[in-house]
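S.K.:
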């Protein structure tokens, strides 16, 4: 019998001392962490952690839990434990799943799931047996809780292993043994067990394992049996399960819908917010999942008032308290928080910034109010103006109430139905706008916020239906823009954030219909905000400016717009030191502006370009040396590269002088390497392509290195879901380089490895790779073929058919032109090479929507078709080849090329 692994007592004592040191605020915790990190390299370290976690009965719970959490982190990052150590770890964890201390048994479950992810559930059958034992009738409470907790985590993180039926598919899956036990616990005497059992089956149902699919009616009956459970926690999970069942298996609930609607209507008014929220999700799910929503129509007169009541702020809402506190602060004429000194990133994670992040998280928390508004929005898109006779009377009543919370909820409801009840509300638009405008100046900050939001939601109608500057009871587009722009000067930072978002919405919905005068008004107001806002709200201004740039495009270059915004943005950039947390959102904003503002950014191009080069160089060095956090360094590199790419796109050849005197190409090459994170490579290849378009001569001397980076990115082993954006950009970027090369630049040693990558991408089975990657590969291959057709021609038989299939889906434009010139150039070497790929080639040739607008393409493709016809006629195969084509392709081929 093999001996059992046991730790040395001295090592256990040392580990306990270090873990105890970590729990003592007065001890040298940094030293303890360092020694623990060094110990991770010992292959027995995880065994020691498991031993202390499981066998340290006399130790404080905190010390044992720390050992368990370290075990969870060390298992995937350290050296693999030896088999005997693994066996000891597993035995320790199994013994802890039913421990009387809930924190310890939950930690044991977390570690067990980590171990399953590393070694597989099939190698640990005792875990399934242990969980099943904890789910048996009469099992101790701790055992039941530990078993359900572990099973929930396994279902969440290892769903496929829970359905594993062995190599031949004949074995029973773990779910087959465990899920029936969970369903039986729906009747358990302990409400916490019932809630946990329902939550576990709900989670399993999201993937619909085989056992549950066969017993879905039993599952639904179990949910219905608990519908009126005394425990709010159980009812909450029941509502969540029924909502999910409606989405996954609506046909199973079709006959019960009236009773289910009645139940959810009552639950939507439950005194427990969790129950009310989960039941409120039902209305959107019903509209999405049921073909005939008429079953809901009779309930609308009762449902809509419930939603409206639930949209009122709670009496003690943290969101309201925050806004009111900000109002008092503004009233005391407190100094703007933007005047605080900026700090470097290394010191910026202090209390103030963390407070801001927590505030943001709290404000965006999904709650009953937001859920109800979302449901009303969805109902309005389904039932349209049919809702108005039901919803408008209570809205009007609440608008007249003295309670500001009722008024605010009424305005929220108006905004919620604005996109669905279009025809009916359009008739009342002037009156609605006239009513909302004064609310933007309410003494209550949340009313000001919601009024601005609602006005923005109506902006599509304002710009498309109301003449700008016209008189419609004051409800004109110009008045709305002026009102929102003026409200940007609100001194309450909560309102400032809301108005920035409202202006962004207005710009998105107004789109191209925004007149130049309105754009100038918005730009001037945002420019003023850039000079006056504090740190908490500045990034919301950046978001609004970026949205403006993305929506109006070249309109950003108009003097009234660019003159107001561009100087302020670059002045802000000049004040921010490296490492400032505001720097990245500002660069993201400038990226959007630089792409479309053209020459308007040229006066600031040199300092901003130099700053980004400096940021990239510093972050790359910091990443190499370990001085910077890898994720933060990657963000800095990617964001700075994106700005350089935008500058190249906006300035075009004018960027040449900046590139020629900088190390940007060296930095690009470093950022393109496989050792860099995928998002950095994505930005690096995009920047390479944009610089190739603007100033290729500065990149071509490094073509061999750039090609090697692209080849490494497009190698079969490097193409994965998480790298797909980098792969797309790499394929596109090399095409931009290639089309600007001389034949001697694309020597065989450069071209052939890339050719192999392109051919592999094109040959991938349908559905294995995104269409975008196949098209980028096809275009770049065509651009290479245009330059070096003799290098590519000998290999044509391996990929011509797949190449033509991919080119057929590319939209008309310059890239498609280049690709077809390259295709024709290669086939001019030997028209006979096209015969085996006749059908996909012809389909590609007729894929142009307006080939007549591309004279050279039409001419060269016509010459190719006639050469191909001559080659086939010489074999007496032309007519049979034509008959092999679809009638539509054959007809268009004849019409386009007169064959």
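Residue numbers (UniProt numbering): 1 to 899. We put the CB at the ideal spot given by N, CA and C, even for glycine.
(1) Since residue 250 and residue 289 should fall inside the 8 Å C-beta cutoff, what is the C-beta to C-beta distance between them, to a whole number of angstroms?
(2) Considering only the alpha carbon of each residue, which of 65, 89, 78, 41 lies closest to residue 7?
(3) Verify whether the separation of the beta carbon atoms of residue 313 and residue 408 is less than 8 Å.
(4) How many Å lie between residue 267 and residue 622 at the Cα?
(5) With H, G and I counted as helix, E and B as strand and the rest as coil, what does DSSP make of residue 579?
(6) Give the straight-line distance between the Cα atoms of residue 656 and residue 642, rounded to the nearest whole angstrom.
(7) According to DSSP, is residue 403 helix, strand or coil?
(8) With a CB to CB cut of under 8 Å and the five nearest residues on each side skipped, what residues in its chain are close to residue 348?
(9) Give a yes or no on whether the C-beta atoms belonging to residue 525 and residue 586 are separated by under 8 Å.
(10) Taking all protein chains shown into account, decide if residue 118 is buried (16 or more other Cβ within 10 angstroms of its Cβ) or exposed.
(11) When you compare the CB positions of residue 735 and residue 780, do they come within less than 8 Å of one another, or not?
(12) Would you identify the three-state DSSP class for residue 211, choosing helix, strand or coil?
(13) Under 8 Å between the Cβ atoms of residue 375 and residue 395?
(14) Please say whether residue 52 and residue 64 have beta carbons closer to each other than 8 Å?
(15) Cα separation between residue 546 and residue 565?
(16) Where residue 21 and residue 5 are concerned, what is the direct C-alpha to C-alpha distance, given to the nearest angstrom?
(17) Given a threshold of 16 other Cβ atoms within 10 Å of its Cβ, counted over all protein chains shown, does residue 584 qualify as buried or as exposed?
(18) Whole angstroms are fine: how far does the CA of residue 801 sit from the CA of residue 767?
(19) Please state whether DSSP places residue 472 in a helix, a strand or coil.
(20) Please specify which runs of the alpha helix (DSSP H), each continuous and at least 4 residues long, are wholly inside the segment 781–811, giving them in chain order.
(21) Could you give the DSSP three-state label for residue 710: helix, strand or coil?
(22) In this structure, how does DSSP classify residue 894 when only helix, strand and coil are distinguished?
(23) Quick one: residues in its chain with C-beta nearer than 6 Å to the C-beta of residue 956, no 5 flanking neighbours on either side, listed in chain order?
(24) Could you give the distance in angstroms between the alpha-carbon of residue 147 and the alpha-carbon of residue 172?
(25) How big is the Cα-Cα spacing for residue 195 and residue 234?
(26) Would you call the segment 745–752 and the segment 827–838 touching, i.e. three or more CB-CB distances under 8 Å?
(27) With residue 478 as the anchor, note down where its alpha helix (DSSP H) starts and where it stops.
(28) Give every residue of the same chain whose Cβ lies closer than 6 Å to the Cβ of residue 611, excluding the five residues on either side of it in the sequence, and list them in chain order.
(29) Is the beta carbon of residue 650 closer than 8 Å to that of residue 596?
(30) Whose CA, out of 257, 279, 825, lies closest to the CA of residue 241?
(31) Measuring alpha carbon to alpha carbon, tell me which of 878, 867, 858 ends up nearest residue 895.
(32) With a threshold of 16 other CB atoms inside 10 Å of the CB of residue 825, please say whether the residue is buried or exposed.
(33) Going by the CB atoms, is the gap between residue 127 and residue 112 shorter than 8 Å?
(34) Do the segment 203–210 and the segment 186–193 meet, that is, are 3 or more Cβ pairs less than 8 Å apart?
(35) Excluding the 5 residues flanking residue 16 on each side, which residues of the same chain have their C-beta closer than 8 Å to its C-beta?
M.R.: Taking the definition as stated:
(1) Position 250 of the chain shown, counted from the first residue, corresponds to residue 250. Position 289 of the chain shown, counted from the first residue, corresponds to residue 289. Contact flag correct, Cβ pair sits at about 5 Å.
(2) As a position in the chain shown, residue 7 is number 7, starting the count at 1. Nearest of 65, 89, 78, 41 to residue 7, Cα basis: 89.
(3) Position 313 of the chain shown, counted from the first residue, corresponds to residue 313. Position 408 of the chain shown, counted from the first residue, corresponds to residue 408. Cβ atoms of residue 313 and residue 408: closer than 8 Å.
(4) Taking the chain shown and counting its residues from 1, the one referred to as residue 267 is at position 267. Taking the chain shown and counting its residues from 1, the one referred to as residue 622 is at position 622. Their backbone Cα atoms lie some 55 Å apart in a straight line.
(5) Taking the first residue of the chain shown as position 1, residue 579 is located at position 579. Residue 579 falls in the coil class under three-state DSSP.
(6) As a working mapping, residue 656 is identified with position 656 in the chain shown. As a working mapping, residue 642 is identified with position 642 in the chain shown. Computed Cα separation, rounded: 17 Å.
(7) In the chain shown, counting from the first residue as 1, residue 403 sits at position 403. It is coil, neither helix nor strand.
(8) Here residue 348 refers to the residue found at position 348 when the chain shown is read from its first residue. Caution applies to residue 348, whose pLDDT of 25 falls short of 50 and renders its modelled position unreliable; the value that the coordinates give is listed next. Beyond the five residues adjoining it in sequence on each side, residue 348 comes within less than 8 Å, by CB distance, of 579, 580, 581 in the same chain, given in chain order.
(9) To locate residue 525, count along the chain shown from 1; it is residue 525. To locate residue 586, count along the chain shown from 1; it is residue 586. Taking 8 Å as the Cβ cut-off, residue 525 and residue 586 do not qualify as a contacting pair.
(10) Numbered from its first residue, the chain shown carries residue 118 at position 118. Residue 118 is exposed by the Cβ-count criterion.
(11) As a first step, residue 735 must be located in the chain shown, where it is residue number 735. As a first step, residue 780 must be located in the chain shown, where it is residue number 780. Taking 8 Å as the cut-off, the Cβ atoms of residue 735 and residue 780 count as close.
(12) Mapped onto the chain shown, residue 211 falls at position 211. The three-state reading of DSSP puts residue 211 in helix, counting H, G and I together.
(13) Counted from its first residue, the chain shown places residue 375 at position 375. Counted from its first residue, the chain shown places residue 395 at position 395. 8 Å or more divides the Cβ of residue 375 from the Cβ of residue 395.
(14) Numbered from 1 along the chain shown, position 64 holds the residue referred to as residue 64. Numbered from 1 along the chain shown, position 52 holds the residue referred to as residue 52. The criterion of a C-beta distance shorter than 8 Å is satisfied by residue 64 and residue 52.
(15) By one-based count along the chain shown, residue 546 stands at place 546. By one-based count along the chain shown, residue 565 stands at place 565. Per the coordinates, the alpha-carbon of residue 546 lies some 11 Å from the alpha-carbon of residue 565.
(16) Residue 21 sits at position 21 when you count from the first residue of the chain shown. Residue 5 sits at position 5 when you count from the first residue of the chain shown. Cα to Cα, the separation comes out at about 27 Å.
(17) The residue labelled residue 584 in the question sits at position 584 within the chain shown. Answer is buried; the Cβ neighbour count reaches 16.
(18) Taking the first residue of the chain shown as position 1, residue 767 is located at position 767. Taking the first residue of the chain shown as position 1, residue 801 is located at position 801. Between residue 767 and residue 801, the alpha-carbon positions lie close to 17 Å from each other.
(19) One-based indexing of the chain shown puts residue 472 at position 472. In this predicted model, residue 472 has a pLDDT of only 40, less than 50, meaning its place in the structure is not dependable; the value taken from the coordinates is given anyway. Taken through DSSP and simplified to helix, strand or coil, residue 472 comes out as coil.
(20) Within the segment 781–811, the complete alpha helix (DSSP H) runs of at least 4 residues fall at 789–792, 800–807.
(21) As a position in the chain shown, residue 710 is number 710, starting the count at 1. Helix, per DSSP.
(22) The sequence position of residue 894 within the chain shown is 894, counting from 1. In the structure shown, residue 894 adopts helical secondary structure according to DSSP, grouped into three states.
(23) With the chain covering 1 to 899 only, the question about residue 956 has no answer from this structure.
(24) Within the chain shown, residue 147 is the residue found at index 147, counting from 1. Within the chain shown, residue 172 is the residue found at index 172, counting from 1. Their Cα atoms are separated by approximately 19 Å.
(25) Indexing the chain shown from 1 puts residue 195 at position 195. Indexing the chain shown from 1 puts residue 234 at position 234. If you draw a straight line from the Cα of residue 195 to the Cα of residue 234, it is about 4 Å long.
(26) Counting Cβ pairs under 8 Å, fewer than three are found: no touch.
(27) Looking up residue 478 in the chain shown gives position 478. 477–487 is the extent of the alpha helix (DSSP H) around residue 478.
(28) Here residue 611 refers to the residue found at position 611 of the chain shown. So the list is empty, once near-sequence residues are dropped.
(29) Translated into the one-based positions of the chain shown, residue 596 becomes position 596. Translated into the one-based positions of the chain shown, residue 650 becomes position 650. Going by C-beta atoms, residue 596 is nearer than 8 Å to residue 650.
(30) In the chain shown, residue 241 corresponds to position 241, counting from 1. Sorting 257, 279, 825 by C-alpha distance to the C-alpha of residue 241 places 279 at the top.
(31) The count along the chain shown starts at 1 and reaches residue 895 at position 895. The shortest C-alpha separation from residue 895 is found at 858.
(32) Along the chain shown, read from residue 1 onward, the residue named residue 825 stands at position 825. In the assembly as shown, residue 825 is a buried residue. Its beta-carbon has 16 or more other beta-carbons within 10 Å.
(33) The count along the chain shown starts at 1 and reaches residue 112 at position 112. The count along the chain shown starts at 1 and reaches residue 127 at position 127. Yes; because the gap between Cβ atoms is below 8 Å, this pair is in contact.
(34) Not touching, per the Cβ criterion.
(35) By 1-based counting over the chain shown, the position of residue 16 is 16. Once the five neighbours on either side are set aside, the close Cβ partners of residue 16 are 52, 56, 59, 63.
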